[in-house]
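Here's the structure, in structure tokens; my notes come after.
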Amino acid sequence: MNILFIGDIVGSYGRAIVKHLLPGIKKEFAVDFTIANGENSAHGYSITEKIYNELLAMGVDAITMGNHMWEKKEMVQKISSLERMVRPANYPPGVPGKDHLIIDFKGNKIGMVNLLGRVFMQCMDCPFQAAEKLMPKIKEQAKIIIVDIHAEATSEKNAMGYFLDGKVSAVIGTHTHVITADERILPRGTAYISDIGMVGAQDSIIGMNKEQILKRFTTQMPEKFEPTEEGPGIFNAVLLKVDTSTGKALEIKSIIKITEPLPMPKDEKERK
Ligand SMILES: [Fe+2]
Ligand SMILES: [Fe+2]
Numbered sequence: 001m002n003i004l005f006i007g008d009i010v011g012s013y014g015r016a017i018v019k020h021l022l023p024g025i026k027k028e029f030a031v032d033f034t035i036a037n038g039e040n041s042a043h044g045y046s047i048t049e050k051i052y053n054e055l056l057a058m059g060v061d062a063i064t065m066g067n068h069m070w071e072k073k074e075m076v077q078k079i080s081s082l083e084r085m086v087r088p089a090n091y092p093p094g095v096p097g098k099d100h101l102i103i104d105f106k107g108n109k110i111g112m113v114n115l116l117g118r119v120f121m122q123c124m125d126c127p128f129q130a131a132e133k134l135m136p137k138i139k140e141q142a143k144i145i146i147v148d149i150h151a152e153a154t155s156e157k158n159a160m161g162y163f164l165d166g167k168v169s170a171v172i173g174t175h176t177h178v179i180t181a182d183e184r185i186l187p188r189g190t191a192y193i194s195d196i197g198m199v200g201a202q203d204s205i206i207g208m209n210k211e212q213i214l215k216r217f218t219t220q221m222p223e224k225f226e227p228t229e230e231g232p233g234i235f236n237a238v239l240l241k242v243d244t245s246t247g248k249a250l251e252i253k254s255i256i257k258i259t260e261p262l263p264m265p266k267d268e269k270e271r272k
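If you read the sequence shown in the numbering used here, its first letter stands for residue 1, the second for the next number, and so on.
Printed below as a string of structure tokens:
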């Protein structure tokens, strides 16, 4: 089975790039199932129900999240009804939303887990313990398991790769919005990459307006950050080839596409 995992989709421009490129990529790589990280899809911060539905309509089958999970407040209420979204599993107990997701695709069950790192990030429960606790439960139901480790430090993501090697099909890093060149199959059959990058404007700082980010870095003053919505687009993802009988990864390959500038909707509401 060919599984496409798309990096953090940043704002309406990232969504426009997914809409523009995904049908062609699915054909080119014979993609069966598509997962995307949606934590920045609503104007850079979190997601809304409307955008969740928009991404599914574009051909995304499941959505993982990250540290921006709750910045659109409606998520607190709505997440429980979003059947194809998994939130980070290592929040304290009692948080709404699914700590794992299992989707049946043509008789093959695909399990998905989203974890938040703790190095240079907000204080969370231990992602390693959370993964260990969830795995037996998921394994009972799904052979294929894809883990999104949403973290800042490559060391922490690398550690999660080896921690879960042989127990899951893939450990995929997200959050930094910069694709790394270390994709490989680990010794016990788990596909790994430290970060799969993003989908957004290329002439930006990790998808966001470069003037705003530079102002913050150079003055240390508060500054509003907004996604860049013009210029060439970048689409980062990985393609995973998984053996459905064993759940082991056979191949991991990064996909990097650059688009020409795309037209944007004029309506401010549509963009946010
Ligand atoms: Fe992100
Ligand atoms: Fe993030």
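Quick reminder that beta carbons are idealized off the backbone N, C-alpha and C, glycines included.
> Residue range of the alpha helix (DSSP H) that residue 13 falls in?
Replying inline: For the purposes of this step, residue 13 is taken as the residue at position 13 of the sequence shown. Element bounds for residue 13: 11 to 28.
> Pairing CB atoms from the region 161 to 173 with CB atoms from the region 255 to 268, are three or more of them under 8 Å?
Replying inline: By the Cβ criterion, the region 161 to 173 is not in contact with the region 255 to 268, since fewer than three pairs of Cβ atoms, one from each stretch, lie closer than 8 Å.
>> If you reduce the DSSP assignment to three classes, tell me which class residue 217 lands in.
In response: Indexing the sequence shown from 1 puts residue 217 at position 217. Here residue 217 sits in helix by DSSP.
> How would you label residue 53, buried or exposed, when you count the other beta carbons within 10 angstroms and need 16 or more for buried?
Replying inline: Translated into the one-based positions of the sequence shown, residue 53 becomes position 53. Label assigned to residue 53: exposed.
> For residue 12, is the classification buried or exposed, using 16 other Cβ atoms within 10 angstroms of its Cβ as the cut-off for buried?
Replying inline: In the sequence shown, residue 12 corresponds to position 12, counting from 1. Buried is the call here.
>> Run the Cβ filter for me: residues under 6 Å from any heavy atom of ligand 1, listed in the order they occur in the chain.
In response: 8, 39, 40, 66, 175 and 177
>> Counting C-beta neighbours from all protein chains within 10 Å, is the total for residue 127 16 or more, i.e. buried, or is it exposed?
In response: Your numbering for residue 127 matches position 127 in the sequence shown. Classification for residue 127: buried.
> Would the C-beta of residue 150 count as close to ligand 2, meaning under 7 Å from any of its heavy atoms?
Replying inline: Walking along the sequence shown from the start, residue 150 turns up at place 150. At least one heavy atom of ligand 2 is nearer than 7 Å to the Cβ of residue 150, so yes.
> In chain order, which alpha helix (DSSP H) runs of at least 4 residues are fully inside the region 87 to 163?
Replying inline: Entirely contained in the region 87 to 163, the alpha helix (DSSP H) runs reaching 4 residues are, in chain order, 127 to 141 and 154 to 163.
>> Can you tell me where the alpha helix (DSSP H) holding residue 223 begins and where it ends?
In response: For the purposes of this step, residue 223 is taken as the residue at position 223 of the sequence shown. It is not in any alpha helix (DSSP H) - residue 223 carries neither H nor E in the DSSP assignment.
> Taking the Cβ atom as the reference point for each residue, do residue 116 and residue 160 lie within a distance shorter than 8 Å?
Replying inline: Counting from one through the sequence shown, the residue named residue 116 turns up at place 116. Counting from one through the sequence shown, the residue named residue 160 turns up at place 160. A distance of 8 Å or more separates the beta carbons of residue 116 and residue 160.
> Leaving out five residues before and five after residue 210 in sequence, what residues of the same chain have Cβ atoms less than 8 Å from its Cβ?
Replying inline: Sequence index remark: in the sequence shown, residue 210 carries index 210 (1-based). Closer than 8 Å at the Cβ level, and outside the excluded window around residue 210, lie 203, 204 and 228.
> Taking all protein chains shown into account, do 16 or more other C-beta atoms lie within 10 angstroms of the C-beta of residue 87, making it buried, or fewer, making it exposed?
Replying inline: Residue mapping note: residue 87 aligns to position 87 of the sequence shown, counting from 1. So residue 87 counts as buried.
> In angstroms, rounded to a whole number, what distance separates the CA positions of residue 5 and residue 140?
Replying inline: The residue labelled residue 5 in the question sits at position 5 within the sequence shown. The residue labelled residue 140 in the question sits at position 140 within the sequence shown. The alpha-carbon atoms of residue 5 and residue 140 are separated by roughly 23 Å.
> Mapping DSSP to helix, strand and coil, what is residue 271?
Replying inline: Position 271 of the sequence shown, counted from the first residue, corresponds to residue 271. Reduced to three states, the DSSP call for residue 271 is helix.
>> Measuring alpha carbon to alpha carbon, tell me which residue in 47, 62, 66 and 130 is nearest residue 73.
In response: For this step, residue 73 is matched to residue 73 along the sequence shown. Nearest of 47, 62, 66 and 130 to residue 73, Cα basis: 47.
>> According to DSSP, simplified to helix, strand and coil, what is residue 47?
In response: Translated into positions along the sequence shown, residue 47 becomes position 47. Three-state result, residue 47: coil.
> Is it buried or exposed for residue 64, if we count other Cβ within 10 angstroms and need 16 for buried?
Replying inline: Here residue 64 refers to the residue found at position 64 of the sequence shown. Counting Cβ neighbours within 10 Å, residue 64 comes out buried, since at least 16 surround it.
> First and last residue of the alpha helix (DSSP H) that includes residue 78?
Replying inline: Taking the first residue of the sequence shown as 1, we reach residue 78 at position 78. Here the alpha helix (DSSP H) through residue 78 covers 74 to 78.
> Leaving out the 5 sequence neighbours to the left and right, which residues in its chain are closer than 7 Å to residue 121 when beta-carbon positions are compared?
Replying inline: Your numbering for residue 121 matches position 121 in the sequence shown. So the list reads 67, 151 and 152, once near-sequence residues are dropped.
> With distances taken between CB atoms, is the gap from residue 8 to residue 39 smaller than 8 Å?
Replying inline: Numbered from 1 along the sequence shown, position 8 holds the residue referred to as residue 8. Numbered from 1 along the sequence shown, position 39 holds the residue referred to as residue 39. Yes, Cβ-Cβ distance for residue 8 and residue 39 is below 8 Å.
> Which same chain residues, not among the five before or five after residue 224, have their C-beta less than 7 Å away from its C-beta?
Replying inline: Here residue 224 is taken as the residue at index 224 of the sequence shown, counted from 1. Cβ neighbours of residue 224 beyond the five flanking positions: 212.
> With which residues is residue 165 paired in a DSSP beta bridge?
Replying inline: As a first step, residue 165 must be located in the sequence shown, where it is residue number 165. According to DSSP, residue 165 bridges with 168.
> When the Cα atoms are used, what is the spatial distance from residue 95 to residue 82?
Replying inline: One-based indexing of the sequence shown puts residue 95 at position 95. One-based indexing of the sequence shown puts residue 82 at position 82. Straight-line Cα distance between these residues: approximately 15 Å.
> CA-CA distance, residue 45 and residue 71?
Replying inline: For this step, residue 45 is matched to residue 45 along the sequence shown. For this step, residue 71 is matched to residue 71 along the sequence shown. Roughly 6 Å separates the two Cα atoms.
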